[in-house]
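In this note's numbering, the protein residues as written are 493 to 865.
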């Protein structure tokens with residue numbers, strides 16, 4: 493457990509906005525960052541010390557990358573298992589490849605939840621047409637689903653086959669409909685010593701399967717917020733996570749918490765921590781990877797909210813950044829992506845407020861002002 497000290501190089505598999513914000517946090521603390529992905533001029537690569545462009549399947553390049561750094565972490569969970577294993581031959585990988593193996597595939601993830609007695613929606617594994625008989629609910633691909641992709645809603649059992657065709661007739665899980673009041677998440681971190689920290693329960697609102705708005709803290713009873721945190725603690729301990737992991741929940745109208753998904757990395761719903769918390773989720777990831785003490789997760793202001801900026805914001809030309817920033821409580825983050833596309837996450841806005849409703853209002857109004865001409 494000897495700490496990896498400032499001045500060392502940390503490697504990041506993946507090169508999107510999560511890696512970008514991790515690299516900013518790491519460089520503030522005096523670390524260097526190398527990123528590895530198949531793409532170039534990436535959000536992470538623009539701020540990293542070195543951007544390695546190669547396929548995740550090129551294990552010789554992967555090992556060369558891993559040998560050049562003191563530890564490897566992830567900003568993207570769909571890294572192949574062989575890539576994580578190749579890195580582990582050369583040095584510490586945090587979280588371990590076994591965590592990615594469980595969480596990057598829905599059947600393995602749901603089975604983990606079931607085996608550990610963790611609350612989740614009922615599900616069935618789908619491998620052929622016979623498995624679909626009589627089902628209504630949400631059909632999800634077992635692999636590579638995110639932001640609502642690879643999912644189909646089935647309200648009539650007669651339409652189940654068509655839904656399976658729509659996702660490519662691949663291995664899938666079928667989840668029963670959950671009558672939820674709200675969607676929540678808990679971003680938490682654990683280090684090698686087993687120390688645990690969290691950012692509390694936050695409320696998430698989605699549009700077309702993509703996170704639109706996060707409000708911190710969530711407006712739910714304190715006992716339920718504490719229960720969500722304890723469930724997250726159980727998940728991190730059961731997986732032996734060293735790093736950051738987000739647990740996404742459905743909060744039902746009956747007041748029950750059901751785990752929807754796990755993400756073994758910093759999460760979109762934790763972006764507000766960059767501006768509003770003593771220690772951001774990205775700095776916590778660095779601290780855990782480097783075997784340093786975890787930082788305080790306290791909010792520095794009563795409430796915060798984050799809204800995503802998708803490529804749709806650019807549909808009528810350059811957004812009016814000055815109008816959005818007219819509220820001094822608003823912070824703008826753009827990810828340096830080369831071209832806006834419909835549904836693509838291009839950045840986010842964080843707003844600080846006197847209470848959750850105030851913060852949410854400020855964030856949404858700032859985004860709305862982007863359209864002012």
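Backbone N, C-alpha and C define an ideal beta-carbon position, used for all residues, glycine too. Only a predicted model underlies this, so the values are computations on that prediction, with no experimental measurement involved.
Which of helix, strand or coil DSSP assigns to residue i
{"i": "residue 529", "result": "strand"}
{"i": "residue 718", "result": "helix"}
{"i": "residue 549", "result": "coil"}
{"i": "residue 742", "result": "strand"}
{"i": "residue 712", "result": "coil"}
{"i": "residue 786", "result": "coil"}
{"i": "residue 702", "result": "strand"}
{"i": "residue 569", "result": "coil"}
{"i": "residue 663", "result": "coil"}
{"i": "residue 635", "result": "strand"}
{"i": "residue 680", "result": "strand"}
{"i": "residue 612", "result": "strand"}
{"i": "residue 697", "result": "strand"}
{"i": "residue 830", "result": "coil"}
{"i": "residue 723", "result": "helix"}
{"i": "residue 540", "result": "coil"}
{"i": "residue 730", "result": "helix"}
{"i": "residue 518", "result": "helix"}
Range covered by the beta strand (DSSP E) that runs through residue i
{"i": "residue 766", "result": "Taken as a continuous stretch (DSSP letters only), residue 766 belongs to no beta strand (DSSP E), being part of the alpha helix (DSSP H) at 765–768."}
{"i": "residue 490", "result": "This structure does not reach residue 490, given that the chain is present from 493 up to 865, and the question cannot be answered."}
Bridge partners - residue i, DSSP secondary structure assignment
{"i": "residue 797", "result": "707 and 843"}
{"i": "residue 628", "result": "Residue 628 is not bridged to any residue."}
{"i": "residue 534", "result": "According to DSSP, residue 534 bridges with nothing at all."}
{"i": "residue 617", "result": "665"}
{"i": "residue 442", "result": "No information on residue 442 is available, as it lies outside the stretch 493 to 865 that the chain covers here."}
{"i": "residue 503", "result": "526 and 564"}
Spatial distance of residue i from residue j (CA atoms)
{"i": "residue 498", "j": "residue 663", "result": "44 Å"}
{"i": "residue 820", "j": "residue 764", "result": "16 Å"}
{"i": "residue 650", "j": "residue 601", "result": "28 Å"}
{"i": "residue 801", "j": "residue 829", "result": "12 Å"}
{"i": "residue 648", "j": "residue 610", "result": "29 Å"}
{"i": "residue 734", "j": "residue 679", "result": "13 Å"}
{"i": "residue 592", "j": "residue 756", "result": "7 Å"}
{"i": "residue 674", "j": "residue 744", "result": "7 Å"}
{"i": "residue 843", "j": "residue 668", "result": "35 Å"}
{"i": "residue 573", "j": "residue 589", "result": "7 Å"}
{"i": "residue 856", "j": "residue 799", "result": "7 Å"}
{"i": "residue 535", "j": "residue 541", "result": "12 Å"}
Environment of residue i [buried if 16+ CB atoms lie within 10 Å]
{"i": "residue 770", "result": "exposed"}
{"i": "residue 698", "result": "exposed"}
{"i": "residue 795", "result": "buried"}
{"i": "residue 849", "result": "exposed"}
{"i": "residue 509", "result": "buried"}
{"i": "residue 552", "result": "exposed"}
{"i": "residue 722", "result": "exposed"}
Where the alpha helix (DSSP H) through residue i begins and ends
{"i": "residue 579", "result": "573–580"}
{"i": "residue 589", "result": "589–595"}
{"i": "residue 602", "result": "598–607"}
{"i": "residue 856", "result": "848–861"}
{"i": "residue 775", "result": "773–781"}
{"i": "residue 864", "result": "Neither: residue 864 is in no alpha helix (DSSP H) and is coded neither H nor E."}
Residue i at chain B interface by Cβ criterion, 9 Å
{"i": "residue 653", "result": "In summary, chain B is missing from the structure at hand, where a single protein chain is found."}
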